[in-house]
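Below is one structure, written out as structure tokens, with a few remarks after it.
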Amino acid sequence: AQSVTQLGSHVSVSEGALVLLRCNYSSSVPPYLFWYVQYPNQGLQLLLKYTTGATLVKGINGFEAEFKKSETSFHLTKPSAHMSDAAEYFCAVSDRVNKFYFGSGTKLNVKP
Amino acid sequence: ETGVTQSPTHLIKTRGQQVTLRCSSQSGHNTVSWYQQALGQGPQFIFQYYREEENGRGNFPPRFSGLQFPNYSSELNVNALELDDSALYLCASSANDGTYEQYFGPGTRLTVT
């Protein structure tokens, strides 16, 4: 079975500071992992994904995530936060067939 | 390239009523998945349609049903609405090409009173 845990429902950082959003997963098969961003009143936008190959994955808007099998983690980072990064972020794992399992989300607040 | 669109954007229904939500998939995509996102939670998988056939289902009762049409657009139908059905319903389309990338629409906000 697949599941995702996102530690911290709210994270607050100052503009220019490091962003770290945590995601741990459980999967009965080698996981496919994703990060999505959701702005208010909008759908989800894919930030990045890991399927196979390089474990450090780069995505849009300067975000990146590293797949660590030993820690069952896929944390999202960005070296320098921008005000426009304020949104809700969701980690998801796929069963490699047709289902995505999402975490409960982390709301990122960026302080000026 | 047209993205995923959903209609209506907002809907208010009364408990016990039935509702139909619609989704137009992105050009070139033959797979549509539906999700329910309750307030403060992540999206929960309802079901997926591939080439007009249901291709997987989450833990939702049979009163949640769907259709996919030859143009790959899709409908989500919910019968006997309950207060707990109030949520944002998201549609996502994908190409079933091994990329596992789903493209989401803006959602339909359903309120059941």
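Sequence lines, in order, name chains A and B. Using our numbering, the letters of the first sequence correspond one by one to residues 29 to 140. Using our numbering, the letters of the second sequence correspond one by one to residues 1005 to 1117. Cβ atoms here follow ideal geometry from the backbone N, Cα and C, with glycine treated the same way.
Contacts that residue i makes with chain A (C-beta to C-beta distance below 7 Å)
i: B:F1068; result: Result: empty, since nearest Cβ-Cβ is about 15 Å, beyond 7 Å.
i: B:N1059; result: N126
i: B:G1046; result: F118, F130, G131, S132 and G133
First and last residue of the uninterrupted beta strand (DSSP E) at residue i
i: A:A93; result: E92 to K96
i: B:E1058; result: E1057 to R1061
i: A:F129; result: Correcting the residue identity first, residue 129 of chain A is Tyr in this sequence and not Phe. It spans F128 to F130 - the beta strand (DSSP E) in which A:Y129 sits, taken as one unbroken run.
i: A:N137; result: T134 to K139
i: A:Y117; result: A115 to S122
Contact list for residue i against chain A, beta-carbon separation under 9 Å
i: B:E1105; result: F62, L74 and K77
i: B:L1094; result: G71 and L72
Interface residues of chain B facing residue i [CB-CB closer than 9 Å]
i: A:Q70; result: F1108, P1110 and G1111
Cross-chain neighbours of residue i in chain C, by beta carbon under 9 Å
i: B:F1049; result: Of the chains in the structure shown, none is chain C; the protein chains are A and B.
Cβ-based neighbour list, residue i, same chain, cut-off 8 Å, excluding 5 preceding and 5 following
i: A:N137; result: H38, V39, S40, V41 and A114
8 Å Cβ cut-off: residues of chain B touching residue i
i: A:S56; result: Neighbours of A:S56 on chain B: none; closest Cβ ~16 Å, over 8 Å.
Per-residue contacts from residue i into chain B (C-beta, under 7 Å)
i: A:S122; result: Y1104
Chain A residues whose Cβ lies nearer than 8 Å to that of residue i
i: B:G1062; result: K127
i: B:Q1052; result: N126 and K127
Beta-carbon proximity list for residue i, same chain, < 6 Å, skipping 5 on both sides
i: B:F1073; result: none
i: A:S35; result: Before going further, note that residue 35 of chain A is Leu rather than Ser in the sequence given. Contacts found: R50.
i: B:R1061; result: F1051
Any non-hydrogen atom of the ligand NAP closer than 8 Å to residue i Cβ
i: B:S1098; result: Only the bare structure without any ligand can be found here, which leaves the ligand NAP out of the picture.
Counting Cβ pairs closer than 8 Å, one from the stretch 1045–1056 of chain B and one from the stretch 116–133 of chain A, do we hit at least three?
-> yes
The stretch 1066–1073 of chain B contacting the stretch 39–52 of chain A, beta-carbon criterion three pairs below 8 Å = no
Whole beta strand (DSSP E) elements within the stretch 54–106 of chain A, 3-residue minimum = 60–66, 72–78, 84–86, 92–96 and 101–106
Starting from the N-terminal side, write out each stretch of the beta strand (DSSP E) that is 3 residues or longer and does not extend beyond the stretch 1042–1097 of chain B.
-> 1048–1054, 1057–1061, 1068–1072 and 1078–1082
Does the stretch 1098–1116 of chain B come close enough to the stretch 1025–1040 of chain B that 3 or more CB-CB pairs lie under 8 Å?
-> yes
Is the stretch 49–60 of chain A touching the stretch 1086–1095 of chain B in the sense that three or more CB pairs, one from each, lie closer than 8 Å?
-> no
Do three or more CB pairs link the stretch 95–112 of chain A to the stretch 1013–1021 of chain B at distances below 8 Å?
-> no
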